[in-house]
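A.B. asks: Got a structure for you, written out below as structure tokens; questions coming shortly.
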Amino acid sequence: MDLTLSPAEEAFRDELRAWLEANHPGREPTGDEAAFEFRRSWQRKLNDAGWAGLSWPKEYGGRGATLVEQAIFSEEVVRARTPSMANVLALAMGGPTVIAHGTEEQRRRYLPPILSADEIWCQGFSEPGAGSDLASLKTRAIRRGDEWVVTGQKVWTTFAHHAKWCMLLARTDPDAPKHKGLTYFLMDMEQDGVQVRPLRQITGESEFNELFIEEARIPHENIVGNEGEGWAVAITTLMHERATLALGLQVSVQIALRELIESSREARGINGRAASEDPVVRQRLAQLLIESEVLRLNAYRGLSEVMRSGVPGPEGSLGKWHWSEVNQSLAEVAMEIAGPRAMLNESESNWSYRFLRSRANSIEGGTTEILKNIVAERVLGLPRMR
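Under our numbering, the first residue of the sequence shown is numbered 50, with each subsequent residue one higher.
Listed below in structure tokens is the structure:
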């Protein structure tokens, strides 16, 4: 694709940059509750100005923006170092899934509170025994009249402790092949049958959670798609997750790399020489620069494919896999350059936090091993792994 912006796209970018500069909310406060409410407030401000759900159809509260404009937005908010929006999972995954598979009644009911951050969403897919092999999940939903009664357990459920709704994948036909007996529900988290237990991470945060579901009730009309077609709906959710995040992630890597290069000029080794003068360090930084550029170009290649086909495809798995490896390598190099002082959290870059948080990159959003299989089988057309 031609990476040169059209005059209209340049005008859009300039309008967005000016708005972000005039309305930047400042640094996010510490503490989970304070930080979350800060991001919720920021999303509401974006929504009021027409920036949330940018590429959603206008009839559902979006702006009807082009995919290129959505890409510009994803890059510019990262470049401006604004906080992420509170309802990021619903904006990137849940909303597009409801638009693609939901009924008109579901779209009218669920999409506006997503944009305003009045109703936060989480994703109930992974289970203790069904992470990478998602289709083997055990959470069971049994129909009783106009309701489904759900029992099971989910894990790694991001923002479940803030969520009103859960994108829940459950088994509704135990006798069907494992990919065929699943149904995609929207489950109300605010009921006695759902218990949330935070999982403390190596960073000290608890953004992930376990869900314990004991005879939770879900109305039949809360099925997205049709009964037994949950796998196809879930794939839509996952494809949107990987395609939507790629553009912002590649910008965050480039910003972090620039910070690292600058810090390498200031860091001194035991001989008093700047780290940037060390040939080994220079080679590793050069390699990261090359890989970050490949990441950027692959993100745009994926965007051009979505523009051609109209829907995200399996190519998005490549961007997420590549980003996780580049980001982890970047954090490792940063820690080596900074030396023991990196653990003191004295710098604004906070490399120790980034290093610890990056450990999850190759697991969250699909493990690297599974993403490699997807790229091999569905992009390159190689034989299925036995």
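In this text, a Cβ means the ideal position worked out from N, Cα and C, and glycines have one as well.
Contact defined as beta carbons within less than 8 Å: I believe residue 240 pairs with residue 265. What is the distance between those atoms, to the nearest angstrom?
C.D. replies: About 6 Å; that satisfies the 8 Å criterion.
A.B. asks: Work out the CA separation of residue 314 and residue 282 for me, nearest whole Å.
C.D. replies: Each residue's Cα considered, the two are about 49 Å apart.
A.B. asks: Go through the segment 326 to 406 residue by residue and report every complete run of the alpha helix (DSSP H) that reaches 4 residues or more, in order.
C.D. replies: Entirely contained in the segment 326 to 406, the alpha helix (DSSP H) runs reaching 4 residues are, in chain order, 328 to 358, 365 to 387.
A.B. asks: Taking its Cβ as the centre, do 16 or more other Cβ atoms sit within 10 Å of residue 328, making it buried, or is it exposed?
C.D. replies: So residue 328 ends up on the exposed side.
A.B. asks: For my contact list, residue 54 and residue 62 are in at a C-beta cut-off of 8 Å; report their separation, rounded to the angstrom.
C.D. replies: So it is a contact: roughly 7 Å between Cβ atoms.
A.B. asks: Can you find a C-beta in chain B that's less than 7 Å from the C-beta of residue 357?
C.D. replies: Absent here is chain B; the protein component of the structure consists of one chain.
A.B. asks: Helix, strand or coil, according to DSSP, for residue 91 in the structure here?
C.D. replies: Correct three-state label for residue 91: helix.
A.B. asks: Assuming residue 366 contacts residue 415 (C-beta within less than 8 Å), just tell me the rounded distance between them.
C.D. replies: Yes, they are in contact, since the Cβ atoms of residue 366 and residue 415 sit about 7 Å apart, within 8 Å.
A.B. asks: Compute the Euclidean distance between the alpha carbons of residue 408 and residue 252, then round it to the nearest angstrom.
C.D. replies: Distance between the alpha carbons of residue 408 and residue 252: 10 Å.
A.B. asks: DSSP beta-bridge partners for residue 259?
C.D. replies: 246.
A.B. asks: Nearest CA to the CA of residue 380: which residue from 406, 215, 268?
C.D. replies: The candidate whose alpha carbon is nearest that of residue 380 is 406.
A.B. asks: State the DSSP-derived secondary structure class of residue 63, mapped to helix, strand or coil.
C.D. replies: Helix, per DSSP.
A.B. asks: Does the pairing of the segment 267 to 281 with the segment 335 to 351 give three or more beta-carbon distances under 8 Å?
C.D. replies: Cβ pair count under 8 Å is below three, so no.
A.B. asks: Taking C-alpha atoms, which residue in 208, 413, 105 lies nearest to residue 82?
C.D. replies: Of the candidates 208, 413, 105, the one whose C-alpha sits nearest the C-alpha of residue 82 is 208.
A.B. asks: I'd like the span of the beta strand (DSSP E) that includes residue 199, first residue to last.
C.D. replies: Where residue 199 is concerned, the enclosing beta strand (DSSP E) stretches over 196 to 203.
A.B. asks: If you drop the 5 nearest sequence neighbours on each side, which residues of the same chain put their C-beta closer than 8 Å to that of residue 242?
C.D. replies: 199, 262, 263, 264, 265, 266.
A.B. asks: Per DSSP, what kind of secondary structure is residue 162 in: helix, strand or coil?
C.D. replies: Of the three classes helix, strand and coil, the one that applies to residue 162 here is helix, per DSSP.
A.B. asks: Would you kindly work out how many angstroms separate the C-alpha atoms of residue 424 and residue 369, rounded to a whole number?
C.D. replies: Approximately 11 Å, taken between the alpha carbons.
A.B. asks: Below 7 Å CB to CB, which residues in the same chain sit around residue 26 once its five sequence neighbours on both sides are set aside?
C.D. replies: Nothing can be reported for residue 26, as the shown portion of the chain is limited to 50 through 435.
A.B. asks: Output the residue ranges of the beta strand (DSSP E) runs that lie fully inside the segment 116 to 181 and measure 3 residues or longer, sorted by chain position.
C.D. replies: Segments of the beta strand (DSSP E) lying fully in the segment 116 to 181: 170 to 173.
A.B. asks: Who are the near neighbours of residue 179 in its chain, counting only those whose CB is closer than 7 Å to its CB and skipping five residues on each side?
C.D. replies: These residues qualify, in order along the chain: 185, 186, 187.
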